[in-house]
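*Asks:* Residue 352 in the numbering used here sits at position 79 of the sequence shown, and the numbers go up by one each step.
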Amino acid sequence: MKDFGKTRSTVMPEEMSIDEFSVWIASDIQAVTEPSIDEQEGFTGFEYNLVQYDKDEYIKMLDEKNESLESQITDTQLVLCEVYEMLL
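1. V372 to N322, Cα distance in whole Å?
2. By Cβ distance below 7 Å, which residues in the same chain neighbour K328 in space, the five residues on each side in sequence not counted?
3. Are the beta-carbon atoms belonging to M285 and F316 less than 8 Å from one another?
4. Does the separation of the CB atoms of V352 and D276 fall below 8 Å?
5. So what does L323 bridge to, in DSSP terms?
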């Protein structure tokens, strides 16, 4: 994973972009307009956090999230069963 931190662009980024080797995630996308100051030109565009993942690394991260969600669903189902049994 490479975290590029705050990045700016004049083109609105896609939240997820996939190329041959990487998955690029843009988050916290905000429109930015800065006026010109003295001789410096202003900026109109977008500012966002950009992270690049290796494809294998991204797949592993998704797998770990899925395992966590499966565990949470199982816990929720058990609690719902207990509540149902208390109602009977």
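We put the beta carbon where it would ideally sit given N, CA and C, even for glycine.
*Replies:* On the basis of the coordinates in this document:
1. Here the chain covers residues 274 to 361 and nothing more, so residue 372 does not appear.
2. Translated into positions along the sequence shown, residue 328 becomes position 55. So the qualifying residues of the chain are F294, S295, V296.
3. Residue mapping note: residue 285 aligns to position 12 of the sequence shown, counting from 1. Residue mapping note: residue 316 aligns to position 43 of the sequence shown, counting from 1. No, the pair does not count as a contact, with Cβ atoms beyond the cut-off.
4. Within the sequence shown, numbered from 1, the residue matching residue 352 stands at position 79. Within the sequence shown, numbered from 1, the residue matching residue 276 stands at position 3. Against a cut-off of 8 Å, the Cβ pair of D276 and V352 comes out as no contact.
5. Taking the sequence shown and counting its residues from 1, the one referred to as residue 323 is at position 50. G278, A299, per the DSSP bridge assignment.
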